[in-house]
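These notes are about the structure you will find just below.
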DNA sequence: TTGACGTTTCCATGATTATCGAAATGAGGA
DNA sequence: TCCTCATTTCGATAATCATGGAAACGTCAA
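Residue numbers (our numbering), protein chains in the order written: chain A, 5 to 125; chain B, 5 to 125.
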């Protein structure tokens with residue numbers, strides 16, 4: 005029963021810290037929007053207005069946290085969001101920070117992206 | 005249709021940073037477990053093995069981020085998790101970091117205790 | 001009013017993070 | 001091979017964060 009491997013608190017701290025910066029959160033959102041094809045380092049830097057070395061500094065935090073993947077395409081280095089990692093990240097928050105037994109937190113209600121999924125629950 | 009007021013990226017960075025520390029994440033989880041009754045500052049410090057001034061330092065980060073509430077009960081100061089804030093926090097992540105249009109991220113799947121969802125995609 | 005308790009503020013110290021320029025590395029194209 | 005482009009590494013600097021002791025503050029009981 006694939007219960008989505010639960011991340012440990014130590015990793016959570018690393019991942020939270022990785023996202024806890026204006027530029028890194030922006031970079032991550034950029035990669036989420038781009039999807040699996042990803043975005044080249046230089047283009048991320050350009051869109052965020054960062055010098056190359058700063059981009060590397062920030063994106064390596066995301067890389068170390070396992071939130072993004074890295075691959076090489078010719079001369080470019082392409083970064084892409086790791087959705088499985090984000091899955092585990094959010095899963096931890098919902099299971100550990102949303103009140104187990106407490107009903108005050110309604111995690112699933114807000115999403116429903118936009119495609120009408122007739123999910124009964 | 006109460007769509008859960010969407011937090012802005014700036015607040016997200018503040019909240020992420022607030023949780024991105026071993027002691028603060030532990031404190032927050034403690035408060036989540038305690039629920040609405042909350043826990044006194046001294047007891048949080050004792051359970052986490054922190055000196056009073058350090059506890060104050062860390063918990064004020066959570067307070068500034070709006071993730072916890074503070075109230076006074078006699079000589080004690082009681083802190084409690086703000087579940088609405090965590091709701092918004094997770095909501096932002098699911099809407100902005102989970103791939104809009106991309107199906108690779110299955111936000112709600114992990115929680116749903118264990119009922120078999122026949123999600124084809 | 002006095003005293004004890006719980007908590008916060010203040011202060012100094014050390015550690016970590018963020019930034020940018022310059023140099024080094026790696027990967028094509030001529 | 002030589003040159004250029006894309007990215008990373010290195011080094012220095014400034015800023016922010018984390019820690020704990022000591023003092024101050026507010027609250028309650030006697």
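By construction, the Cβ of each residue, glycine as well, lies at the ideal position given by its N, Cα and C atoms.
Remember, predicted model here, so these are calculated numbers, not experimental data.
Quiz item: Residues of chain A with CB under 8 Å from residue 61 (chain B), in chain order?
Solution: Under the 8 Å cutoff, chain A gives no residues; its nearest Cβ is about 17 Å from residue 61 (chain B).
Quiz prompt | In chain order, each alpha helix (DSSP H) run of at least 4 residues that lies wholly inside the region 17-82 of chain A | solution = 26-38, 45-52, 56-68
Quiz prompt | Candidates A:10, A:14, A:37, A:63: closest to residue 97 (chain B) by CA position | solution = A:37
Quiz item: Is the CB of residue 103 (chain A) under 7 Å away from at least one CB in chain B?
Solution: yes
Self-check item: Within chain A, the residues that residue 33 (chain B) reaches when beta carbons sit closer than 9 Å
Solution: 13, 100, 101
Exercise. For chain B, find out if any of its Cβ atoms is closer than 7 Å to the Cβ of residue 82 (chain A); answer yes or no.
Key: no
Self-check item: For residue 74 (chain B) and residue 67 (chain B), the rounded distance between their alpha carbons
Solution: 8 Å
Quiz item: For residue 85 (chain A), which beta-bridge partners are listed by DSSP?
Solution: A:72
Quiz prompt | residue 29 (chain B) versus residue 85 (chain B) - alpha carbon distance | solution = 12 Å
Quiz item: Which residues, in order along the region 16-47 of chain B, keep a beta-carbon less than 7 Å from a beta-carbon of chain A?
Solution: 16, 17, 20, 21, 23, 24, 25, 26, 29, 32, 33, 36, 39
Practice problem: Check the Cβ of residue 97 (chain A) against every Cβ in chain B and list those closer than 8 Å, keeping chain order. | Solution: 90, 93, 94, 97
Practice problem: Can you give me the Cβ contacts of residue 65 (chain B) inside the same chain, cut-off strictly under 8 Å, excluding the 5 residues immediately before and after it? | Solution: 21, 22, 25, 28
Quiz item: To the nearest angstrom, how far is it from the Cα of residue 32 (chain B) to the Cα of residue 100 (chain B)?
Solution: 23 Å
Quiz item: residue 99 (chain A) by DSSP, collapsed to three states: which one?
Solution: helix
Quiz item: CB residue 44 (chain A) to CB residue 82 (chain A), shorter than 7 Å?
Solution: yes
Self-check item: Beta carbon of residue 70 (chain A) nearer than 7 Å to that of residue 89 (chain A)
Solution: yes
Quiz item: Of all Cβ atoms in chain B, is any one closer than 7 Å to the Cβ of residue 115 (chain A)?
Solution: For residue 115 (chain A), the predicted structure reports a pLDDT of 40, less than 50, and the residue's modelled location is therefore unreliable. A value from the coordinates is still provided. Judged by the 7 Å Cβ criterion, residue 115 (chain A) is in contact with chain B.
Quiz prompt | Residue environment, residue 46 (chain B), which counts as buried when at least 16 other CB atoms sit within 10 Å | solution = exposed
Quiz item: Near residue 62 (chain A), which residues of its chain fall below 8 Å by C-beta distance, leaving aside the five closest residues on each side in sequence?
Solution: 25, 27, 28, 31, 54
Quiz item: Taking the alpha carbon of residue 42 (chain A) as the point to measure from, which residue in A:72, A:19, A:79, A:15 has its own alpha carbon closest?
Solution: A:72
Quiz prompt | Neighbourhood of residue 133 (chain A) by C-beta, 8 Å cutoff - its chain only, sequence neighbours within 5 removed | solution = Summary: the structure shown does not reach residue 133 (chain A), with chain A confined to residues 5 through 125, and so no result is reported for it.
Exercise. Take residue 40 (chain B) and list the residues in its own chain whose beta-carbon comes closer than 7 Å to its own, dropping the five residues that flank it on each side.
Key: 84
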